[in-house]
Structures are given as structure tokens and as C-alpha cells.
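Colleague:
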Amino acid sequence: MTQEDKPDATPRKPQAARPCPICGKPAEQRWKPFCSKRCADVDLNRWLSGAYAIPVVEDEEGPEEPGAGQA
Ligand SMILES: [Zn+2]
1 MTQEDKPDAT PRKPQAARPC PICGKPAEQR WKPFCSKRCA DVDLNRWLSG
51 AYAIPVVEDE EGPEEPGAGQ A
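The letter at position 23 of the sequence shown is residue 23 when you use UniProt numbering, and the numbering goes up by one with no holes.
(1) Take Lys25 and list the residues in its own chain whose beta-carbon comes closer than 6 Å to its own, dropping the five residues that flank it on each side.
(2) Taking only the alpha-carbon atoms, compute the straight-line gap between Ala27 and Glu60 and give it to the nearest angstrom.
(3) Per DSSP, what are the beta-bridge partners of Pro26 in this structure?
(4) With a cut-off of 5 Å, give the chain-ordered residues whose Cβ is closer than this to any heavy atom of ligand 1.
(5) Specify the secondary structure class of Asp43 as computed by DSSP and reduced to three states.
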């Protein structure tokens, strides 16, 4: 743990880019932190897949109309 880990305090080095988390290739400035749009899409799909994997409780509005069940 160092105080120099602050992003704003660390001068950016062109070749200090992290490797693409998808394929490990050097990340492109345009697609950071990925190397290409393809890898960005892959990560996005993973994220979406994970999101869809979460059980979602849908609010189903009952067909009952207000006052319809009252006698
Ligand atoms: Zn990549």
C-alpha cells in the first residue's frame, strides 16, 4: 500500500498500459482497457450474461381490475 497508487498522482506512461483482460494483448488507447472493440464486446457480453444470470423477480401486474372482485 503506497500513497503513490493514486491514479491522478501517477504520470501516465504510453507503454504502461495494462494488458487486455480478455486476451492479454497490449490495450489500445481507443479501447481501454481492452485491445480492440471485439474484446470490449466480449467483456460486455460477459457482463450482460452475468446480469441475465441473476434471478429477476418480475413485477407482474395481476389481471384483477380494481373493484372487480368486490361484491
Ligand atoms: Zn484483447
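Glycine included, C-beta positions come from ideal geometry on N, C-alpha and C.
If you're wondering where the values come from, they're calculated on a predicted model, not measured in any experiment.
Modeller: According to the structure shown:
(1) Cys35
(2) 44 Å
(3) Pro19
(4) Cys20, Ile22, Cys23, Lys25, Cys35 and Cys39
(5) helix
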